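These notes concern the structure reproduced below.
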Amino acid sequence: MGSEIHYRGCPLCEAMCGLEVEHDGQRVQRIRGDARDPLSEGYVCPKGTQLGALHDDPDRVRAPLRRRGSEWEEIGWDQALDEAASILHRAQTQHGKSAVASYLGNPNVHNYGAMLYGPDFLRTLGSRNRFSATSVDQLPHMLAAYLMFGHQLLMPVPDVDHTDYMVILGANPEVSNGSIMSAPNMKGRLSGIRDRGGEVVVFDPRKTQTAAHASAHHFIRPGTDAHLLASIARELLRLSAGTPSPYASYLRGLNDLERMLAPWTPAAAARVTGVDAAVIEAVARKLYTEERAVCYGRLGVCVQAFGATCGWLLNVINVLSRNLDAPGGAMFALPAFDIIGGPRALGLGRGSFGRWKSRVRGLPEFGGELPAATLAEELDTPGEGQIRALITIAGNPVLSTPNGRRLERALTSLDGMVSVDFYLNETTRHADLILPPTSPLEHGHYDVAFHALAIRNTARYSPPLFSPGPNQRHDWQILSGLESRLLASRGAPTRARAEAHGRRLLQPEGILSLGLHGGPYGLRGDARDVQGRRVSMKRLKRAPHGVDLGPLRPCLPERLGRRSGGARYIDLCPDVLCADLERLEADRGRPARAPEELVLIGRRELRSNNSWMHNIPRLTSGTPRCLLKMHPDDAAVRGLAADDWVQVRSRVGEVAVRLELDDAIMPGVVSLPHGYGHGRDGVRLSVATQLEGASANDLTDESVVDAVSGNAVLSGVPVDIRRADATAAVARPPQGA
Ligand code: SF4
Numbered sequence: 019m020g021s022e023i024h025y026r027g028c029p030l031c032e033a034m035c036g037l038e039v040e041h042d043g044q045r046v047q048r049i050r051g052d053a054r055d056p057l058s059e060g061y062v063c064p065k066g067t068q069l070g071a072l073h074d075d076p077d078r079v080r081a082p083l084r085r086r087g088s089e090w091e092e093i094g095w096d097q098a099l100d101e102a103a104s105i106l107h108r109a110q111t112q113h114g115k116s117a118v119a120s121y122l123g124n125p126n127v128h129n130y131g132a133m134l135y136g137p138d139f140l141r142t143l144g145s146r147n148r149f150s151a152t153s154v155d156q157l158p159h160m161l162a163a164y165l166m167f168g169h170q171l172l173m174p175v176p177d178v179d180h181t182d183y184m185v186i187l188g189a190n191p192e193v194s195n196g197s198i199m200s201a202p203n204m205k206g207r208l209s210g211i212r213d214r215g216g217e218v219v220v221f222d223p224r225k226t227q228t229a230a231h232a233s234a235h236h237f238i239r240p241g242t243d244a245h246l247l248a249s250i251a252r253e254l255l256r257l258s259a260g261t262p263s264p265y266a267s268y269l270r271g272l273n274d275l276e277r278m279l280a281p282w283t284p285a286a287a288a289r290v291t292g293v294d295a296a297v298i299e300a301v302a303r304k305l306y307t308e309e310r311a312v313c314y315g316r317l318g319v320c321v322q323a324f325g326a327t328c329g330w331l332l333n334v335i336n337v338l339s340r341n342l343d344a345p346g347g348a349m350f351a352l353p354a355f356d357i358i359g360g361p362r363a364l365g366l367g368r369g370s371f372g373r374w375k376s377r378v379r380g381l382p383e384f385g386g387e388l389p390a391a392t393l394a395e396e397l398d399t400p401g402e403g404q405i406r407a408l409i410t411i412a413g414n415p416v417l418s419t420p421n422g423r424r425l426e427r428a429l430t431s432l433d434g435m436v437s438v439d440f441y442l443n444e445t446t447r448h449a450d451l452i453l454p455p456t457s458p459l460e461h462g463h464y465d466v467a468f469h470a471l472a473i474r475n476t477a478r479y480s481p482p483l484f485s486p487g488p489n490q491r492h493d494w495q496i497l498s499g500l501e502s503r504l505l506a507s508r509g510a511p512t513r514a515r516a517e518a519h520g521r522r523l524l525q526p527e528g529i530l531s532l533g534l535h536g537g538p539y540g541l542r543g544d545a546r547d548v549q550g551r552r553v554s555m556k557r558l559k560r561a562p563h564g565v566d567l568g569p570l571r572p573c574l575p576e577r578l579g580r581r582s583g584g585a586r587y588i589d590l591c592p593d594v595l596c597a598d599l600e601r602l603e604a605d606r607g608r609p610a611r612a613p614e615e616l617v618l619i620g621r622r623e624l625r626s627n628n629s630w631m632h633n634i635p636r637l638t639s640g641t642p643r644c645l646l647k648m649h650p651d652d653a654a655v656r657g658l659a660a661d662d663w664v665q666v667r668s669r670v671g672e673v674a675v676r677l678e679l680d681d682a683i684m685p686g687v688v689s690l691p692h693g694y695g696h697g698r699d700g701v702r703l704s705v706a707t708q709l710e711g712a713s714a715n716d717l718t719d720e721s722v723v724d725a726v727s728g729n730a731v732l733s734g735v736p737v738d739i740r741r742a743d744a745t746a747a748v749a750r751p752p753q754g755a
């Protein structure tokens with residue numbers, strides 16, 4: 019059989035690149051970038067070219083597995099779903115609905131079947147112990163959006179193609195290709211800013227790839243970004259005094275800010291952050307005077323003790339500098355399937371905060387979920403309300419959440435565990451049943467979430483490339499199968515069972531079609547694509563490269579979420595965030611770190627995607643990537659040299675890794691990527707288990723969270739480092755941990 023070409027969107031990260039897939043009907047032969055994709059225009063990163071290798075991975079689980087002691091046996095789907103539902107039902111019957119916890123990993127949000135069916139399954143499960151990767155990631159941004167703009171997903175996106183001044187904190191978009199800023203080829207887009215005479219300024223404890231190509235880079239002490247942002251906001255208030263705000267008719271709280279931010283003079287912020295006061299003043303001035311400017315922060319500002327306050331202050335800065343909802347500033351996308359403004363049944367809801375608290379530590383619910391940092395203690399702390407069973411869906415919290423070793427120990431004490439996953443990994447090896455979904459090439463693809471966070475409005479539907487085998491199930495079919503069995507076990511009313519049945523008949527494509535039809539570019543909406551045409555499922559199926567819906571456009575105040583009472587407004591001073599300034603002020607007085615103290619930060623690698631792409635040979639070959647970066651001066655005072663094995667110890671754990679000396683990292687800071695540490699008994703990842711490295715989350719501390727949002731603190735973890743020998747290359751908890 020000859021070669022054919024299939025076009026599809028890449029489901030691996032937020033950038034949503036268009037792919038040109040050459041195949042013979044059975045196997046992928048080559049993947050390149052789709053030059054006609056209106057968003058990615060031919061860009062592709064090394065991960066996207068390996069989708070075929072992921073599909074063909076011999077370690078990928080292709081039939082349900084049931085544990086028999088330390089072995090696994092393949093069983094049929096009906097039996098697997100019956101037994102899985104029975105594990106969940108039994109725990110709920112004996113101990114209450116919240117005795118079953120769920121954990122959803124990052125790949126769910128790239129899978130429209132899971133996105134559209136997951137919420138129904140979780141509603142039916144009815145547990146308050148819901149967890150996901152959100153709270154080791156972007157939760158602070160979502161909380162800020164919920165409190166300030168009235169919807170948890172109304173997160174502004176830098177209009178990077180039209181800005182002339184971009185300030186970046188805690189992000190490396192040249193490697194990530196944007197996050198909460200879907201932007202393929204960020205390297206090219208950032209070059210574009212400089213080519214048109216603009217500037218890119220980066221604050222980061224590491225001179226990242228983005229920083230290396232920026233107009234200016236400034237080291238900032240890990241965990242101090244909120245002080246820098248508060249000071250920039252204070253300067254902007256001074257610069258804008260007496261000038262009416264363009265948002266005045268729907269802005270609340272502006273008058274309170276000046277008093278609250280008064281302590282953060284540039285000089286005071288400089289003492290905490292290590293950034294020169296003159297730099298802070300200059301950045302604030304430029305943000306205010308440059309017509310098209312934006313301030314953007316990402317993971318590094320989220321996974322720290324003041325994550326929510328950082329998310330808030332970033333938005334405050336874009337408001338005060340008049341760059342919110344303005345071309346070249348921080349804008350809002352208008353997707354064809356509108357999970358923000360569309361019917362509630364098709365979206366994820368406006369959000370919620372603090373409706374209940376976690377049992378052990380009292381951390382707040384957000385959007386129906388509790389912080390992942392509290393999962394282990396909810397599992398291993400005896401008492402009323404203890405979690406007895408767990409379902410994980412495309413997640414590997416043992417490697418992705420803080421103090422993974424404690425979580426791993428806690429998993430062994432569960433009454434039952436079910437995993438919907440196609441890998442037998444560090445987490446799913448503890449399950450009683452593994453229910454493997456189809457591969458990304460075997461189901462349709464539409465980015466339900468990330469079109470809402472993209473730098474340009476586009477829409478693209480990709481049909482399945484390969485038909486699933488008769489013994490395979492999609493994620494949504496697995497979740498529906500579990501849901502219907504749970505309802506039947508409970509003797510649920512016929513109506514609830516009929517609704518679940520109706521959704522199954524509709525299938526994800528039917529729901530997507532309905533959403534497009536009722537969306538802003540559909541029959542009922544006013545928006546049109548760049549050719550002046552509507553968007554429907556039929557249209558998308560005829561447009562394999564996707565449809566261009568045009569640049570981001572101003573949309574406030576209409577796009578703001580409706581608050582209780584019906585009003586739409588920006589709340590510049592949400593109570594809970596303003597109250598956190600007291601804690602931030604106390605933090606200004608913290609003693610400077612002793613010169614011998616080190617703190618750990620993470621880093622993103624172009625060929626890695628959290629923990630789950632490490633079994634692809636082409637992405638992991640060559641130089642080991644899980645090395646600990648350390649400044650040469652820090653190494654010299656410890657008598658360490660490049661390639662030395664070192665023992666890294668934190669309050670909760672200890673790992674052995676190899677050292678890489680790098681003067682691009684700030685003295686006093688060391689960096690390790692997360693998602694490694696696969697060499698554990700029973701894991702079925704033949705490539706990943708051979709990789710050198712350890713899990714950074716064997717060092718991160720689940721007891722330290724952002725006090726407002728409960729988000730994990732993964733950056734700025736105090737560590738002690740000493741020489742080790744190569745035989746110590748296995749992570750282990752310290753005595754007594
Ligand atoms: S940048 Fe992201 S979306 Fe684009 S090819 Fe790479 S993994 Fe896929």
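Residue numbers (my numbering): 19 to 755. C-beta atoms are modelled at their ideal positions from N, C-alpha and C, and glycine is treated no differently. If you're wondering where the values come from, they're calculated on a predicted model, not measured in any experiment.
I need the boundaries of the alpha helix (DSSP H) containing W330, first residue and last residue.
In this chain, the alpha helix (DSSP H) harbouring W330 covers 325-338.
Check this for me: beta carbons of P685 and H649, under 8 Å apart or not?
yes
State the start and end residues of the unbroken beta strand (DSSP E) segment that holds D738.
735-741
In chain order, what residues of the same chain have a beta carbon less than 6 Å from the beta carbon of L646, not counting five sequence neighbours either side?
Within the same chain, L646 has close Cβ partners V675, L677, V688, L690.
Could you tell me if D651 is buried or exposed, where buried requires 16 or more neighbouring beta carbons within 10 angstroms of its beta carbon?
Label assigned to D651: exposed.
How about the segment 199-213 and the segment 290-297: do they share at least three Cβ pairs that are nearer than 8 Å?
no
Would you say L30 touches ligand 1, meaning its beta carbon is less than 7 Å from a heavy atom?
yes
So F149 is in the beta strand (DSSP E); what residue range does that whole segment cover?
148-150
Which full runs of the beta strand (DSSP E) of 3+ residues lie inside the segment 619-656, going along the chain?
646-648
Tell me which same chain residues have a C-beta within less than 8 Å of the C-beta of A749, skipping the five on either side of it?
With a pLDDT of 43 at A749, under the threshold of 50, the modelled position of that residue is not reliable, and the figure given next carries that caveat. Around A749: R423, G671, E672, V673, A674, G695, A712, S713, D716.
Determine the direct distance from the alpha carbon of V731 to that of R667, and round the result to whole angstroms.
17 Å
Consult DSSP for N273 and reduce its assignment to one of helix, strand or coil.
helix
Tell me whether A467 counts as near ligand 1, meaning its Cβ is closer than 7 Å to at least one heavy atom of that ligand.
Taking 7 Å as the cut-off, one finds no heavy atom of ligand 1 near enough to the beta carbon of A467.
Would you say the beta carbon of P56 comes nearer than 7 Å to a heavy atom of ligand 1?
no
Classify G136 as helix, strand or coil using the three-state DSSP reduction.
helix
In its own chain, which residues sit with a C-beta less than 7 Å from the C-beta of D743, not counting the 5 before and 5 after it?
W663
Just to confirm, are G325 and N729 a CB contact at a threshold of 8 Å?
Their beta carbons are under 8 Å apart, which means G325 touches N729 by this criterion.
By how many angstroms is the C-alpha of A682 removed from the C-alpha of A506?
59 Å
Going by the C-beta, is P202 closer than 7 Å to any heavy atom of ligand 1?
yes
Once you ignore the five residues that flank Q525 on each side, which residues in its own chain have a CB closer than 8 Å to its CB?
W494
Let me check you understand the geometry: is the CB of V178 closer than 7 Å to at least one non-hydrogen atom of ligand 1?
no
Does DSSP classify A747 as helix, strand or coil?
Confidence at A747 is low in this model, with a pLDDT of 49, below 50, so the placement of that residue is unreliable and no value is reported for it.
Classify D243: buried if its beta carbon has 16 or more other beta carbons within 10 angstroms, exposed otherwise.
By the neighbour-count rule (16 or more Cβ atoms within 10 Å), D243 is buried.
Check the C-beta distance from M34 over to L57 and give it rounded, since I have them as a contact under 8 Å.
6 Å
Check whether the Cβ of G70 lies closer than 7 Å to any heavy atom of ligand 1, and answer yes or no.
Answer for G70: no, Cβ out of range of ligand 1.
Checking 8 Å against the spacing of the C-beta atoms, do I452 and T446 come in under that value?
yes
For S197, tell me which candidate among G369, Q44, N124 has the shortest Cα-Cα distance.
N124
Is it true that the segment 276-294 meets the segment 232-247, where meeting means three or more beta-carbon pairs spaced less than 8 Å apart?
yes
Could you name the residues that DSSP lists as bridge partners for S480?
H463
Helix or strand or just coil, what does DSSP make of P490?
In the sequence under discussion, the amino acid at residue 490 is Gln, which differs from the Pro named in the question. If DSSP states are grouped into helix, strand and coil, Q490 belongs with coil.
Within this structure, are the beta carbons of F355 and G533 separated by less than 8 Å?
A contact, by the Cβ cut-off of 8 Å.
With a threshold of 16 other CB atoms inside 10 Å of the CB of V655, please say whether the residue is buried or exposed.
exposed
Could you tell me whether the segment 589-605 touches the segment 386-395, using the rule of 3 or more Cβ pairs below 8 Å?
no
Measure the alpha-carbon distance for L143 versus R515 and round it to whole angstroms.
13 Å
Just curious, the beta strand (DSSP E) that H41 is in, first and last residue?
Bounds of the beta strand (DSSP E) holding H41 are 36-41.
Determine the direct distance from the alpha carbon of D719 to that of P736, and round the result to whole angstroms.
If you take the alpha carbons of P736 and D719, they lie about 10 Å apart.
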